[in-house]
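Notes to accompany the following structure.
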């Protein structure tokens, strides 16, 4: 049986080989943005030129049977909670080699990082939709590493604004779909929209705000709980079983 730390390093390695690398000053990372005219995420000007493109690795990873599902299960074991101390390890704060080699808190950030880089490929988005409910929790993680990886994954899934809306004292989670209208408004701009305005269409997908945006009655809804989040209704079938948190669809 593999140690938790070995699983973490394996997922981290997948993250690194699936990444693209750029001539960005000081760090070599690529920084990405969405434009209205392009259906693909594009490099920010300061990241040009690209030195190494991970597209072939990402495409190969998407073809490996069970890999995306396994990474999703691992990512959904997070986030950490509370405050970090020796008995409550945060991966970005106080992990100690040897002492924490089998700590379950080590895995989620690395699996999320691998999924985050897969999300650079638009063809991956349909398969990665199920992990977004877990990312709505992780983006608010008290650990900076989990927070950073999950926020980038959400961005690469073309959710340029926070897509996570909680209702009924957090008993229900609604996630906005991919939406931007001709005036560059995302779903967060439809909070007080009229019924007529909710008929506006996304310039990328043609889907209406009424279908995509939680504030217009659309989006994808989940029933949440202390250890389970239930997907209520039709939509992506979610992973079930195991020690990770389940998400159960309740809509649309």
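Numbering (the numbering used here), first residue to last: 4 to 255.
Ideal Cβ placement from N, Cα and C applies to all residues, glycine included.
Given the structure is predicted, the values throughout are model-derived calculations rather than measurements.
What does the Cβ neighbour count give for residue i, buried or exposed, with the cut at 16 atoms within 10 Å?
i: residue 76; result: buried
i: residue 179; result: buried
i: residue 122; result: buried
i: residue 34; result: exposed
i: residue 293; result: The structure shown has nothing for residue 293, since the chain only spans 4 to 255.
i: residue 67; result: exposed
i: residue 16; result: exposed
i: residue 124; result: buried
i: residue 110; result: buried
i: residue 294; result: The first residue shown for the chain is 4 and the last is 255, placing residue 294 beyond what the model contains.
i: residue 108; result: buried
i: residue 45; result: exposed
Report the three-state DSSP secondary structure of residue i (helix, strand or coil).
i: residue 110; result: helix
i: residue 211; result: strand
i: residue 54; result: strand
Which one of the options has the shortest CA to CA distance from residue i?
i: residue 8; options: 29, 23, 113, 190; result: 113
i: residue 206; options: 217, 94, 37; result: 37
i: residue 135; options: 144, 110, 167, 147; result: 167
i: residue 39; options: 69, 215, 185; result: 185
i: residue 145; options: 137, 195, 94, 181; result: 94
i: residue 175; options: 83, 19, 226; result: 226
i: residue 53; options: 22, 64, 60, 182; result: 22
To which residues of the same chain is residue i closer than 8 angstroms at the C-beta, ignoring the five residues directly before and after it?
i: residue 229; result: Confidence in residue 229 is poor, its pLDDT being 44 and thus under 50, which makes the residue's placement too unreliable to answer from.
Using C-beta distances below 7 angstroms, list every residue in its chain close to residue i, excluding the 5 sequence neighbours before and after it, in chain order.
i: residue 158; result: none
i: residue 70; result: 64
i: residue 127; result: 65, 121
i: residue 213; result: 201, 202, 219, 220, 221
Would you mind giving the Cβ-Cβ distance between residue i and residue j, rounded to the nearest angstrom? I have them listed as a contact below 8 angstroms.
i: residue 219; j: residue 193; result: 6 angstroms
i: residue 137; j: residue 216; result: Not a contact, Cβ separation roughly 21 angstroms.
i: residue 20; j: residue 57; result: 7 angstroms
For residue i, which residues from the same chain have a beta carbon less than 6 angstroms from its beta carbon, with the 5 sequence-adjacent residues on both sides left out?
i: residue 164; result: 189, 191
i: residue 130; result: 71
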